[in-house]
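Residue numbers (this note's numbering), protein chains in the order written: chain A, 1 to 205; chain B, 1001 to 1229. What follows is a short report on a single structure.
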């Protein structure tokens, strides 16, 4: 039970921090709207809904990337990682809490992005919305782990897209095709792997 | 003593690689029958597929060594994992190249998105190239060994997941040589294929040992230099 209490406390910390600083979420919102606007001008007139739907998925992946890049910046810059690692909690709780925070930001961004997409381009069916929700879980799970790896290096912001985008290709395939079972499979496999591996990523020395 | 043993093993596998690859070239060009459908260009199959399978072996071996890093805290396995993945990227690039040539010869295009294996190798190539970016942006030490190992393990899980994804995403036009009924090849084709595969694996074993020995030597040299300074 203490495990979930730890996760709740850590998630609350991230959300509270965001509520006070208001840095990540506003930039994600602006980014996703700007991207959709660019797509409107990039698509030739009369392109079908399928093409627009494909662009929705690129917009989601890149917006998520924007949020993930910021996810561990405070931890690194303020030296918070050392404190978190020293704290008497399971290290995977840090990952789970951060993933939940990232997931919250992503869902908030999409609460704006999906209606905007519907207004700009075409209507969305329930299947697509379910696919987006499932994809968010996978993106948050894998992205948080890779985000923690990327901030440890010298390249930082540069590194995360390189690490994350190849991992996101199956998500895009599952999302565009509407293969919900595949997204569930992806989420289960990689969330479990990330949960088990996070400990090694933050273990210093 | 151990070093001489390693040197002998490397010499043995390199001799084996030379013999097998020479034999396979002979078999490919003079013994294997010409494909009725694709003609002479089909012979690249005996290079392309063994190289691709060897790349998978490299990534698998790298992941196994990565598991040893995390599980047994084996510091020597870190370099071994890196070297195996390095070889895997080299074989992966060769797979992309030979696959591209084959696509050009038999379909008239350099790149075909409907060829599953090629697309999969592109994804893997992108993924494992980022492995080097990650590794070289970190300071050497346990933390780097751990992160490289975690990434290598993600890679080996990504292979089947990506394969499934790519298969979902497109229809098949790739010739399927292996299916649930076993290899769809005649006896002489299959023997040629196996010899070529064994040759490629021996080549990997040789390159792996040589590069690993070089890296180990480099590390000991560094240690000695630090002792002197």
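Beta carbons are placed, not taken as given, at the ideal position from N, Cα and C, and that holds for glycine. Note that the structure is predicted; figures quoted are calculated from it, not measured.
- Message: Quick test of the definition: if touching needs 3 or more C-beta pairs under 8 Å, does the region 1143-1153 of chain B touch the region 1061-1070 of chain B?
- Response: Because the criterion of three Cβ pairs below 8 Å is met, the region 1143-1153 of chain B and the region 1061-1070 of chain B touch.
- CA-CA distance, residue 1198 of chain B and residue 1188 of chain B? Straight-line Cα distance between these residues: approximately 15 Å.
- Based on the DSSP secondary-structure assignment, which residues constitute the bridge partners of residue 1035 of chain B? Per DSSP, B:1039.
- Pick out whichever of B:1207, B:1211, B:1228 has its Cα sitting closest to the Cα of residue 1013 of chain B. Of the candidates B:1207, B:1211, B:1228, the one whose C-alpha sits nearest the C-alpha of residue 1013 of chain B is B:1207.
- Message: Which residue wins for smallest C-alpha separation from residue 116 of chain A, given the options A:60, A:186, A:136, A:201?
- Response: Per the C-alpha coordinates, the member of A:60, A:186, A:136, A:201 positioned closest to residue 116 of chain A is A:60.
- Task: Closer than 8 Å by beta-carbon distance: list the chain B residues that pair up with residue 177 of chain A, in chain order.
- Result: Correct list: 1168, 1169.
- Message: Just to confirm the assignment, what range does the alpha helix (DSSP H) spanning residue 1061 of chain B have?
- Response: In this chain, the alpha helix (DSSP H) harbouring residue 1061 of chain B covers 1045-1072.
- Message: If you reduce the DSSP assignment to three classes, tell me which class residue 80 of chain A lands in.
- Response: Secondary structure at residue 80 of chain A: helix, using DSSP grouped into helix, strand and coil.
- Determine the burial state of residue 1098 of chain B: buried for a count of at least 16 other Cβ atoms within 10 Å of its Cβ, exposed for fewer. By the 10 Å Cβ count, residue 1098 of chain B comes out buried.
- Message: Under 7 Å, CB to CB, which of the residues in the region 49-78 of chain A have a partner in chain B?
- Response: Sequence-ordered contacts of the region 49-78 of chain A with chain B are nonexistent [C-beta pairs closer than 7 Å].
- If you draw a straight line from the alpha carbon of residue 170 of chain A to that of residue 1116 of chain B, how long is it in whole angstroms? The alpha-carbon separation between residue 170 of chain A and residue 1116 of chain B amounts to approximately 13 Å.
- Item | is_contact[residue 1114 of chain B, chain A] using C-beta, thresh 9 Å | It does not; no Cβ of chain A falls within 9 Å.
- residue 1242 of chain B versus B:1131, B:1167, B:1222, B:1191, residue with shortest Cα-Cα distance: Nothing can be reported for residue 1242 of chain B, as the shown portion of chain B is limited to 1001 through 1229.
- Query: Quick one, which of B:1034, B:1078, B:1093, B:1033 has its alpha-carbon nearest residue 1053 of chain B's?
  - Reply: Just measuring C-alpha positions, the residue of B:1034, B:1078, B:1093, B:1033 sitting nearest residue 1053 of chain B is B:1093.
- Query: If you compare alpha carbons, which of A:129, A:104, A:93, A:101 is closest to residue 114 of chain A?
  - Reply: Selected option, being the one with the closest Cα: A:129.
- Message: Relative to the C-alpha of residue 150 of chain A, which candidate in A:68, A:98, A:33, A:25 has its C-alpha closest?
- Response: The candidate whose alpha carbon is nearest that of residue 150 of chain A is A:68.
- Ordered along the chain, which non-local residues of its own chain (more than five positions away) have a Cβ less than 7 Å from that of residue 134 of chain A? 180, 183, 184, 187.
- Item | Buried or exposed (CB count within 10 angstroms, at least 16 for buried), residue 1144 of chain B | Under this definition residue 1144 of chain B is a buried residue.
- Item | Own chain residues within Cβ distance below 8 Å of residue 1010 of chain B, not counting five before or after | Once the five neighbours on either side are set aside, the close Cβ partners of residue 1010 of chain B are 1206, 1209, 1210, 1213.
- Among residues of its own chain, excluding the 5 on either side of residue 153 of chain A, which ones have a beta-carbon nearer than 8 Å to its beta-carbon? Cβ within range, chain order: 159.
- Item | Helix, strand or coil at residue 124 of chain A [DSSP, three-state] | Coil, per DSSP.
- Item | Cα-Cα separation between residue 80 of chain A and residue 74 of chain A, rounded to whole angstroms | Going by the C-alpha atoms only, they are around 7 Å apart.
- Own chain partners of residue 1168 of chain B with C-beta closer than 8 Å, once the 5 adjacent residues on each side are dropped: If the five residues before and after residue 1168 of chain B are omitted, its C-beta is found closer than 8 Å to no C-beta atom of its own chain.
- Could you tell me which of B:1017, B:1005, B:1004 sits nearest to residue 1204 of chain B, measuring between CA atoms? Nearest of B:1017, B:1005, B:1004 to residue 1204 of chain B, Cα basis: B:1017.
- Query: Taking DSSP as the reference, what is the three-state secondary structure of residue 20 of chain A?
  - Reply: In the structure shown, residue 20 of chain A falls within a helical segment according to DSSP collapsed to helix, strand and coil.
- Query: Should residue 203 of chain A be flagged as near chain B, meaning a C-beta pair shorter than 9 Å?
  - Reply: At a cut-off of 9 Å between beta carbons, residue 203 of chain A contacts chain B.
- Query: So does the region 49-58 of chain A actually touch the region 8-21 of chain A, counting three or more Cβ pairs closer than 8 Å?
  - Reply: Output reads no: the region 8-21 of chain A does not touch the region 49-58 of chain A.
- Task: Would you list, in chain order, the members of the region 1099-1133 of chain B that have their beta-carbon closer than 7 Å to a beta-carbon of chain A?
- Result: Here the close residues are 1123, 1126, 1127, 1130, 1133.
- Pick from A:7, A:66, A:41 that is closest to residue 88 of chain A, judged by C-alpha positions: Nearest to residue 88 of chain A by C-alpha distance, out of A:7, A:66, A:41, is A:7.
- Message: Does residue 1093 of chain B come out as helix, strand or coil in the three-state DSSP assignment?
- Response: Secondary structure at residue 1093 of chain B: helix, using DSSP grouped into helix, strand and coil.
- In chain order, what residues of the same chain have a beta carbon less than 8 Å from the beta carbon of residue 1121 of chain B, not counting five sequence neighbours either side? Closer than 8 Å at Cβ, skipping near neighbours: 1052, 1055, 1092, 1095, 1096, 1099.
- Helix, strand or coil: which one does DSSP assign to residue 1114 of chain B? Reduced to three states, the DSSP call for residue 1114 of chain B is coil.
- DSSP state of residue 1228 of chain B mapped onto helix, strand, coil: In the structure shown, residue 1228 of chain B adopts helical secondary structure according to DSSP, grouped into three states.
- Task: Using beta-carbon positions only, say whether residue 1123 of chain B and residue 1166 of chain B come within less than 9 Å of one another.
- Result: Against a cut-off of 9 Å, the Cβ pair of residue 1166 of chain B and residue 1123 of chain B comes out as a contact.
- What are the boundary residues of the alpha helix (DSSP H) that residue 199 of chain A is part of? Unbroken alpha helix (DSSP H) run through residue 199 of chain A: 180-202.
- Message: Please confirm whether residue 1151 of chain B has its beta-carbon closer than 9 Å to some beta-carbon of chain A.
- Response: Yes, contact with chain A.
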